[in-house]
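K.L.:
To start, I am sharing the structure in question, which I have written as structure tokens.
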Amino acid sequence: MKEKEKDKILIVDDAPGFLITMRTILEREGYDVTTAEDGLKAIEIVKKHEFDLILADLKLPGKDGIEVMKEASKNDPFATGIIITAYASLDTAIGAIRENCYDYVQKPYQVKDLLQRIKKGMEKRKLEKEVVALKVQAEFLNDLMSHDINNMNQTIVGYLGLLLKSGLTEEQREYVEEVQSTMSRSSKLIGNVRKLRQIRGIEPELKAVDLVSVLKKSIEEVKTSHEEKEVTIKFGYEKGKKQYILADSFVSDVFSNILDNAVRFTSSAEVEIDVRVEDYIKNGDEFFKVSIEDRGRGVQDEAKEAIFNRFFKEEQKGSGLGLYLVKTLINRYSGEVWVEDRVKGDYTQGSIFNVAIPKSKLN
Amino acid sequence: MSELKTIFIVEDDPDLVELYKIIIESNGKYAVLGAATNGQEAIERYKGFNEKPDLILMDHRMPLKDGIETTIELLKLDSNLRILFVSADVSVREKALEIGAVGFLDKPASMKEFLKEIEKYAENKSQ
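Sequence lines, in order, name chains Y and D.
For the first sequence, the residue numbers in the working numbering are 136 to 498.
For the second sequence, the residue numbers in the working numbering are 30 to 156.
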């Protein structure tokens with residue numbers, strides 16, 4: 136079995152006695168120890184090597200402990216140091232903190248205490264490195280998915296379209312349409328992953344959005360993307376009155392996803408959806424509530440909250456992340472989203488998805 | 030008799046370039062002028078054209094120079110160029126329209142949507 140690599144410590148101090156004592160103590164704790172008696176020598180070392188922790192005296196001949204840490208950080212952005220000194224002052228403490236010094240210990244010190252701080256310092260460094268590595272990996276995977284895989288999807292979708300026009304039998308056409316339907320879900324999933332990442336990356340900048348205009352657009356989009364079914368969408372709202380919500384440009388995804396689901400989860404070829412906009416007040420706050428009612432297969436009581444979760448997987452055609460995106464966006468707007476049965480008590484007759492978004496002051 | 034409208038493709042994925050060519054030339058109204066696989070190449074090729082293309086299809090994510098930068102530079106050379114973005118990068122949509130692209134098509138797009146957008150934006154030089 137391979138021996139676990141020892142954590143590396145660098146000790147910088149001009150008192151040789153201190154160096155010997157610390158070396159003995161730390162080697163007994165299982166650390167790999169390097170020593171230096173002055174600042175310049177230490178800087179030479181940190182330019183070439185990385186350490187899990189650096190222990191440095193503040194007062195050193197040549198460059199002081201804080202300058203050693205400064206140099207170490209140039210080579211290793213995760214460089215973590217503990218400054219030990221007999222001379223305490225607020226200025227040096229602040230200087231130490233600025234230059235990547237994790238901790239600041241005064242002489243005389245307790246060995247047990249110092250060992251604890253060393254351990255904690257190393258843990259912090261390891262965690263930071265791990266976080267950055269994970270972020271880099273996540274970026275890579277996301278990139279692969281949203282660019283490369285997406286391009287391949289586009290190629291597939293394109294050739295499927297050409298295939299359909301090349302004169303197929305009824306059976307062949309059916310199979311191709313099945314593939315198209317799955318490709319559509321695949322594209323949607325990729326799109327939603329991408330959007331979720333974008334949303335997380337930026338601070339919400341909320342502004343007044345014309346609700347009726349957004350809804351009209353989403354309704355049009357859902358109709359054109361489902362030509363295989365006959366989709367009728369009734370849209371009821373107060374005409375002549377502008378209805379502004381406080382949201383951002385992503386709000387159309389809220390409605391597109393719910394409408395898309397409404398069509399997908401209605402098994403018949405004829406789909407009827409009712410969209411209504413009403414005033415809604417909760418706890419003294421004013422909202423516009425959008426209700427989207429379908430005659431699809433409905434949502435069971437046990438699932439009514441779970442469907443908005445990230446890891447929820449439907450038995451059929453699940454996890455496009457659509458509703459999770461909806462919930463994420465609604466939270467961003469400080470709104471509410473919930474689902475109820477179209478016919479109370481009988482979920483099999485369809486659902487009503489309700490979305491409440493705060494009204495903009497512009498109204 | 031109306032001339033064929035010409036289209037210049039800027040896209041780094043060669044499979045997609047091939048697919049676009051087939052779709053574009055399928056209905057006999059358009060001809061593909063050529064293709065470039067990155068922004069740099071696009072600008073060089075453009076400078077060598079005898080005639081201005083009726084429409085340019087612009088991908089965004091490309092090596093050397095991305096779609097936005099390329100569009101800015103091309104429009105500097107000729108502000109009347111019609112550039113249609115075809116990209117999965119929806120976050121870039123606003124910026125693209127801001128800098129002067131005539132439209133933005135989300136990837137993946139169906140053949141129908143693709144042709145519809147091209148029809149919308151490809152204009153004859155004589156119009």
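Yeah, the Cβ is synthetic: ideal placement off N, Cα and C, and Gly gets one too.
Compute the Euclidean distance between the alpha carbons of T100/D and I178/Y, then round it to the nearest angstrom.
P.N.:
Against the second sequence, residue 100/D aligns to sequence position 71. Against the first sequence, residue 178/Y aligns to sequence position 43. For T100/D and I178/Y, the distance between alpha carbons rounds to 48 Å.
K.L.:
So that I know if they touch, is there some Cβ in chain D lying closer than 7 Å to that of H282/Y?
P.N.:
Residue mapping note: residue 282/Y aligns to position 147 of the first sequence, counting from 1. Judged by the 7 Å Cβ criterion, H282/Y is in contact with chain D.
K.L.:
Spatial neighbours of S120/D within its chain, please: C-beta separation below 8 Å, excluding the five flanking residues on both sides.
P.N.:
Here residue 120/D is taken as the residue at index 91 of the second sequence, counted from 1. Taken in chain order, the list of residues that qualify is empty.
K.L.:
Report the three-state DSSP secondary structure of D83/D (helix, strand or coil).
P.N.:
Translated into positions along the second sequence, residue 83/D becomes position 54. Coil.
K.L.:
Where DSSP assigns a beta bridge to K198/Y, which residues make up the other side?
P.N.:
Indexing the first sequence from 1 puts residue 198/Y at position 63. The partner list for K198/Y (beta bridge, DSSP) is empty, contrary to what the question assumes.
K.L.:
Determine the DSSP secondary structure at K34/D, reduced to helix, strand or coil.
P.N.:
Here residue 34/D refers to the residue found at position 5 when the second sequence is read from its first residue. Correct three-state label for K34/D: strand.
K.L.:
So Q69/D and L93/D are in contact, right, with Cβ under 8 Å, and what is the actual spacing, rounded?
P.N.:
The residue you call residue 69/D lines up with position 40 of the second sequence. The residue you call residue 93/D lines up with position 64 of the second sequence. Right, the Cβ-Cβ distance comes to about 4 Å (below 8 Å), so this counts as a contact.
K.L.:
Would you identify the three-state DSSP class for Q69/D, choosing helix, strand or coil?
P.N.:
Along the second sequence, one-based indexing puts residue 69/D at 40. Q69/D: helix per DSSP, three-state reduction.
K.L.:
Just how far apart, CA to CA, sit M30/D and K330/Y?
P.N.:
Here the question's residue 30/D lines up with position 1 in the second sequence. Here the question's residue 330/Y lines up with position 195 in the first sequence. Bear in mind that a pLDDT of 42 at M30/D, under 50, signals an unreliable position, so the number given afterwards is only what the model happens to contain. In a straight line, the C-alpha of M30/D is about 46 Å away from that of K330/Y.
K.L.:
Checking the sheet assignment: what are the DSSP bridge partners for V271/Y?
P.N.:
Within the first sequence, the letter at position 136 stands for residue 271/Y. Note: V271/Y sits in no beta bridge, so no partner.
K.L.:
My guess is that A277/Y and L456/Y are in contact by the Cβ rule of under 8 Å, so how many angstroms apart are they, rounded?
P.N.:
Your numbering for residue 277/Y matches position 142 in the first sequence. Your numbering for residue 456/Y matches position 321 in the first sequence. The question names Ala, but residue 277/Y is Asn in the sequence shown. At roughly 13 Å, the Cβ-Cβ gap does not stay under 8 Å, so N277/Y and L456/Y are not in contact.
K.L.:
Taking the CB atoms as reference points, tell me whether I180/Y and A171/Y lie closer together than 7 Å.
P.N.:
By 1-based counting over the first sequence, the position of residue 180/Y is 45. By 1-based counting over the first sequence, the position of residue 171/Y is 36. Yes, the Cβ-Cβ distance between I180/Y and A171/Y is below 7 Å.
K.L.:
Should L460/Y be flagged as near chain D, meaning a C-beta pair shorter than 7 Å?
P.N.:
Counting from 1 along the first sequence, the entry for residue 460/Y is found at position 325. Chain D contact via Cβ: absent.
K.L.:
For chain Y, is any of its Cβ atoms less than 7 Å away from the one on S120/D?
P.N.:
Here the question's residue 120/D lines up with position 91 in the second sequence. True, the Cβ-Cβ gap to chain Y drops below 7 Å.
K.L.:
Would a check of beta-carbon distances place G296/Y closer than 7 Å to chain D?
P.N.:
Sequence index remark: in the first sequence, residue 296/Y carries index 161 (1-based). Taking Cβ atoms only, chain D reaches closer than 7 Å to G296/Y, which makes this a yes.
K.L.:
Of all the CB atoms in chain Y, is at least one closer than 7 Å to the CB of R90/D?
P.N.:
On the second sequence, residue 90/D is found 61 positions in, with the first residue counted as 1. For R90/D, the answer is yes, since a Cβ of chain Y falls inside 7 Å of its Cβ.
K.L.:
At least one CB of chain D closer than 7 Å to the CB of T367/Y: is that the case?
P.N.:
Position 232 of the first sequence holds residue 367/Y. It does not; no Cβ of chain D falls within 7 Å.
K.L.:
Of all Cβ atoms in chain Y, is any one closer than 7 Å to the Cβ of L126/D?
P.N.:
Against the second sequence, residue 126/D aligns to sequence position 97. By this cut-off, L126/D is not an interface position.
K.L.:
Check for me: the beta strand (DSSP E) holding L190/Y runs from which residue to which?
P.N.:
Locating residue 190/Y in the first sequence gives position 55, counting from the first residue. Element bounds for L190/Y: L188 to D192.
K.L.:
So is V292/Y in contact with chain D if we call contact Cβ pairs under 7 Å?
P.N.:
Reading the first sequence from its first residue, position 157 is the one you call residue 292/Y. Closer than 7 Å to some Cβ of chain D, the Cβ of V292/Y qualifies, so yes.
K.L.:
Less than 6 Å between C-beta atoms, sequence neighbours within five positions excluded: which residues of the same chain meet that for A64/D?
P.N.:
The sequence position of residue 64/D within the second sequence is 35, counting from 1. The answer, listed in chain order, is I38 and V46.
K.L.:
S486/Y to I427/Y, Cα distance in whole Å?
P.N.:
Position 351 of the first sequence, counted from the first residue, corresponds to residue 486/Y. Position 292 of the first sequence, counted from the first residue, corresponds to residue 427/Y. When rounded, the distance between both Cα atoms is 8 Å.
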